[in-house]
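Asks: The structure follows.
Residue numbers (UniProt numbering): 1 to 382.
What follows is the structure in structure tokens.
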């Protein structure tokens, strides 16, 4: 199984969540390991079909893995011969569908969780009133879900999930169904309330903003495996997998290290600046798989072949607006993205389908090991 380092498993604390699971579904296999220290938030991201929701359902106890385990602190929730039912796991689940009880008021919906854990009715209602106040829904306490907007329903759902005081909170695309005005408000509300509660949380999302605002750590799933994981800032600063690179807004060019500060890429041998002893390239062995990270603004587009190294012929596939200019999507394996000033696009030669030259200065190439390799090489500075 692939995943984080095992030191957290040696001395688990209350609230530490750790899973190492394998599940086969037809041609798809999820084989992943994740660990979330108590009180932290892990964002699980990846393309459609990578296994994100499947992993969440395994953590919740809604699915049984073919092998592996799920542990919360020193308690085993899933293992060979063991499957604690979902209702007994003290795990809360919040999805893009608030799934409120339509026949109950907002107050009764929120009180349902505390009551299900044994609180008396009066105590549960008082607890629910406190949570409705925290999420700004006190004045709607008597309203049923049918009288609430989508954003208001999601606020009530957040209160209901946290009022039950779960040991772990699972968030499955909680903002996906909200409009662009409501989503930022609910995102900020989640950040405040999850942070204040100190609840260990796993978040599944497609939106990098969710990871940046809500999460401490991030795990990138690709074809059922963890391609990379670590603190959010570190993974986005030096992505090693295509999906993480897309989230971070950088190009990722795979290759193999060559002698002489060069990398053999699909576009030919590319040259990097002379590395210092701590530069990532200096730690790569000839023939070792690696990736080059390139900012879109560092990709220069020319009508005629330019002088210098790191030059390639390509075709403009698409032109779209971008901050301060336009973004070009260039054909190739892999596809690269270039940001250029708007004035340059007015040139007659720069249109979709146009044959152009690209160039990247050696100082703008940053090398690191590829996704899935065990050695963790830091990003080059610059």
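Backbone N, C-alpha and C fix where the C-beta goes; we use that ideal spot for every residue, glycine too.
Taking the beta carbon of residue 387 as the centre, do at least 16 other beta carbons fall within 10 Å, making it buried, or is it exposed?
Replies: Here the chain comprises residues numbered 1 to 382, so residue 387 is not present and cannot be evaluated.
Asks: Could you check where the beta strand (DSSP E) with residue 29 kicks off and where it finishes?
Replies: 28 to 36
Asks: Between the C-alpha atoms of residue 349 and residue 134, what's the straight-line distance to the nearest angstrom?
Replies: 57 Å
Asks: Which term fits residue 130, buried or exposed, when burial requires 16 or more other beta carbons within 10 angstroms of its beta carbon?
Replies: exposed
Asks: What are the boundary residues of the beta strand (DSSP E) that includes residue 254?
Replies: 251 to 258
Asks: So, with DSSP's three-state summary, where would you put residue 303?
Replies: coil
Asks: Identify whether residue 116 lies in helix, strand or coil by the three-state DSSP scheme.
Replies: Residue 116 falls in the helix class under three-state DSSP.
Asks: Counting beta carbon pairs with one atom in the region 60 to 79 and one in the region 147 to 166, are three or more of them shorter than 8 Å?
Replies: no
Asks: On the premise that residue 43 lies in contact with residue 205, defined as a C-beta separation below 8 Å, what is that separation, rounded to the nearest angstrom?
Replies: The beta carbons of residue 205 and residue 43 sit about 6 Å from each other, so the pair counts as a contact at 8 Å.
Asks: Are residue 212 and residue 244 closer than 8 Å when you measure CB to CB?
Replies: no
Asks: So, at 6 Å on beta carbons, what are the nonlocal neighbours of residue 97 in its own chain, with the 5 sequence-adjacent residues on each side left out?
Replies: none
Asks: Nearest-angstrom Cα distance between residue 298 and residue 364?
Replies: A direct Cα-Cα distance of roughly 6 Å separates residue 298 from residue 364.
Asks: Along the chain, which unbroken stretches of the beta strand (DSSP E) at least 3 residues long are found entirely within the region 213 to 272?
Replies: Whole beta strand (DSSP E) segments, 3+ residues: 217 to 222, 225 to 231, 251 to 258, 262 to 265, 268 to 271.
Asks: Measure the alpha-carbon distance for residue 31 versus residue 274 and round it to whole angstroms.
Replies: The alpha-carbon atoms of residue 31 and residue 274 are separated by roughly 39 Å.
Asks: Using CA atoms only, rank isn't needed, just tell me which of 313, 47, 153, 287 is closest to residue 95.
Replies: 153
Asks: Based on DSSP bridge pairs, tell me the residues matched to residue 201.
Replies: 41, 169
Asks: Quick test of the definition: if touching needs 3 or more C-beta pairs under 8 Å, does the region 284 to 291 touch the region 314 to 323?
Replies: no
Asks: Is DSSP giving residue 388 helix, strand or coil here?
Replies: Any question about residue 388 goes unanswered here, given that the chain covers just 1 to 382.
Asks: DSSP puts residue 207 in a beta bridge; with which residues?
Replies: For residue 207, which the question treats as bridged, DSSP gives no partner whatsoever.
Asks: Taking the Cβ atom as the reference point for each residue, do residue 40 and residue 187 lie within a distance shorter than 8 Å?
Replies: no
Asks: When you compare the CB positions of residue 369 and residue 225, do they come within less than 8 Å of one another, or not?
Replies: no
Asks: Please classify residue 127 as buried or exposed, where buried requires at least 16 neighbouring CB atoms within 10 angstroms.
Replies: buried
Asks: When the Cα atoms are used, what is the spatial distance from residue 262 to residue 271?
Replies: Distance between the alpha carbons of residue 262 and residue 271 is about 4 Å.
Asks: Quick check on the DSSP output: the beta strand (DSSP E) that includes residue 177 runs from which residue to which?
Replies: No beta strand (DSSP E) holds residue 177; DSSP gives it neither H nor E.
Asks: Counting only the same chain and skipping the five closest in sequence on each side, list residues whose C-beta sits under 7 Å from that of residue 65.
Replies: 21, 22, 23, 58, 78
Asks: With 8 Å as the threshold, decide whether the Cβ of residue 35 is near any Cβ in chain D.
Replies: Absent from the structure is chain D; it holds one protein chain and no more.
Asks: I'd like the span of the alpha helix (DSSP H) that includes residue 151, first residue to last.
Replies: 150 to 163
Asks: Starting from the Cα of residue 303, find the closest Cα among 337, 163, 357 and give me that residue.
Replies: 357
Asks: Taking residue 293 as the reference, which of 361, 366, 324, 269 has the closest Cα?
Replies: Put simply, of 361, 366, 324, 269 the residue whose alpha carbon is nearest the alpha carbon of residue 293 is 366.
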